[in-house]
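Scroll down for the structure; my scribbles are underneath it.
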Amino acid sequence: MAVLKTIKPNFLSGISETGLSDRKFLPYGRQHITEQDIQAVIDVLRSDWLTQGPAVPAFEEALARRVGSKYAVACSNGTAALQLAMLALKIGPGDEVVTTPITFLASANCAVHVGAHVRFSDIDPATGLMDAEALQKILSADKKGRIKAVIPVHFAGQPAELDKIHKLAAAHGAEVVDDACHALGAAYNVAQREFSIGANDHSLMTVFSFHPVKHVAMGEGGAIITRDAEILERLTTLRNHGIRKKDFENPILAFSHKGEINPWYYEMVEPGYNYRLTDIQAALGQSQLERLPHSLKRRNEIAECYCAFLAEYFPDGGVQHLHRRDEVFHAYHLFVVLIDFEKFGISRASVINSLRQSGIGTQVHYIPLHLQPFYRRVCRTGPGDFPNAEAYYAKALSLPMYPELTQNDCRRVIAKLSNILNGKGDF
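Shown next, in the form of C-alpha cells:
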C-alpha cells in the first residue's frame, strides 16, 4: 500500500474556501454519514441477519484487504479488542504490560482486566509518542522477565517507532500489541521499505477502533489484525463466550451414532465474552471503509492548512503543532497544538470556553494515566514520575479535525485562537 509519497500534499488543493460547515459549530471530531452508508444499514435491517450473519466476515475480509494483513477479527469496540489481545497472549496475574501515559484509559485498563500489572513508559513530548529510550530503561530494569507485552500507541494517527520498540521487546521476550485506534491507514518507512500499520513484522497484533470520531465510524466497533493463525483462533473463540464448534473434546456428545456432527452442538473451552460485532455495524463499517483513502487525503490537507495558518498567526512559534516524524504517513485522527498558556497569561479552561462561545469545539488528549486516581493507588505513581508526559499535557489542545472542514474553517479556528491568546477580545 504505497502511501508515503502523499505525505506532503498541497494544503490548498483539496480544501474548499467555503462550505456548509462555515455556518455551523465545529466540533473537535465528527462522523460523516452518506446515503450509501444509510442504504448499507437498511439492507441489513431488511435481511435475515442482524447479528452473527454474513456482514461481519465480509467486513473482516475488507478490512484485512485494506490494511494489507492476513487476518482481521472484528469485535464490539476498541476496548474489547485490547482486552481480547491480552487474553489471546494468555497474560494474567504476575505478568506486566508496558504502555504510554498519554493515551485513553483502555490502553492500560486492558492489562488490569486480565489481572496484570501496568507499567508506564514516558513519551517524546514533541510527538506524544512512546519514547524508545525510555522503554529500553524499563525493560532493562525488569530482571525477572515479568513484562510480557508492550502496547505502543500511534497517538493522533502518527506511527510510533514501531521497529525500534519491536526490537527492544523481542530481545526481552515480550510481544508488541500496537494500539492503532487513531491510526487506520497510517504507514511508515524503515530502511527504504514501507510498512502499513497492521501489516508489518513489528507487532503480533494491531488494534483498531471504529468510534464515531474515528476514520471509520460504526457507532461502536473494534478489530484486531494479526498474521498468526493460532492467535486468530483464540481471538475468535474468546469474543464469542469461549465457544468452539470444531475439534471437540467430547465426541460422544458431539457426534451421532452414525458419526455425523450434531448440528446444535458446541463446547465452551474457556470462559470468553460476548464481544461480537453486529451485522448492522459491520455493514456500516464496510461502506465507510470505501471512503478511507479520501478521508486520509483530506485529513492530511487539513493538517497542512493548519500548519500554514499557525505560521501566519504565530510567526514567533508561540503555538506549535506536534512534530511529524520523518518518513511516516500520518493518519491525523487528531490535530494537537502545544500552547504555553502561562506565557500567554490565560488558562486552558478559559481558552476552551472562549473557543466554544465562538462555535469551535476543542478537547484535551489525554490526562496522563499515571495521574488518574486508580493508577496512583495501584501503581503508586504521581506528579513528576513521567515529566515528558506531564510537560506535554500542560500545553496540549486538540483542534477540530475531520474531512468536511474547509479552508475558511481552518483559518477561523486559528484566527480565533490567536485573538483569545493575545487578548484581543474579538471572539
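Counting from 2, one number per residue, gives the positions in the sequence shown under this note's numbering.
Glycine included, every Cβ here is placed at the ideal spot set by N, Cα and C.
Computed from a prediction, not measured in an experiment: that's the story for all the values here.
Item: Start and end residues, alpha helix (DSSP H) containing residue 67; Value: 56–68
Item: First and last residue of the uninterrupted alpha helix (DSSP H) at residue 72; Value: Per DSSP, residue 72 belongs to no alpha helix (DSSP H); it is in the beta strand (DSSP E), 72–76.
Item: Element boundaries [alpha helix (DSSP H), containing residue 179]; Value: Premise fails: residue 179 lies in the beta strand (DSSP E), 176–180, not in any alpha helix (DSSP H).
Item: Residue 163 beta carbon less than 8 Å from that of residue 137; Value: no
Item: Closer than 7 Å: residue 234 CB and nearest the ligand SAH heavy atom; Value: This structure lacks the ligand SAH; in fact it carries no ligand of any kind.
Item: For residue 214, the nearest candidate out of 158, 196, 384, 37 (CA to CA); Value: 158
Item: Helix, strand or coil at residue 189 according to DSSP, with G and I counted as helix; Value: strand
Item: Residue 60 vs residue 283 beta-carbon contact at 8 Å; Value: yes
Item: Cβ distance (whole Å) where residue 349 is taken to contact residue 77 below 8 Å; Value: No, residue 349 and residue 77 are not in contact; Cβ-Cβ is about 34 Å, not under 8 Å.
Item: Rounded straight-line distance, which links the Cα of residue 41 to that of residue 411; Value: 32 Å
Item: Local conformation of residue 52 per DSSP, three classes; Value: strand
Item: Euclidean distance between Cα positions of residue 209 and residue 112; Value: 17 Å
Item: Proximity of residue 406 and residue 303 at Cβ, strictly below 8 Å; Value: yes
Item: Close Cβ partners of residue 63 (< 7 Å) along its chain, the five nearest in sequence each way excluded; Value: 287, 290
Item: Residue range of the beta strand (DSSP E) that includes residue 197; Value: 194–197
Item: Three-pair Cβ contact test at 8 Å for the stretch 245–253 versus the stretch 313–328; Value: no
Item: Assigned exposure category for residue 251 - 16 Cβ within 10 Å defines buried; Value: exposed
Item: contact_flag[the stretch 83–103, the stretch 138–157] where n(CB pairs < 8 Å) is 3 or more; Value: yes
Item: Entirely enclosed alpha helix (DSSP H) segments - the stretch 383–427, minimum 4 residues; Value: 388–396, 408–422
Item: Nonlocal neighbours in the same chain, by C-beta distance under 7 Å from residue 23, ignoring five residues either side; Value: Confidence is the limiting factor: at residue 23 the pLDDT is only 47, short of 50, which leaves the residue's position unreliable and the question unanswerable from this model.
Item: Outcome for residue 378 when other beta-carbon atoms lying within 10 angstroms are tallied against a minimum of 16; Value: exposed
Item: Residues near residue 107 in its chain [Cβ-Cβ closer than 6 Å; skip 5 each side]; Value: 80, 83
Item: Alpha-carbon to alpha-carbon, residue 313 and residue 34; Value: 33 Å
Item: C-alpha gap between residue 364 and residue 335, whole angstroms; Value: 10 Å
Item: Straight-line Cα distance separating residue 122 from residue 429; Value: The shown model of the chain, from 2 to 428, leaves out residue 429, and the question about it has no answer.
Item: Those residues which DSSP pairs with residue 163 across a bridge; Value: Paired residues: none, contrary to the question.
Item: Pair within 8 Å by beta-carbon distance, residue 224 and residue 74; Value: yes
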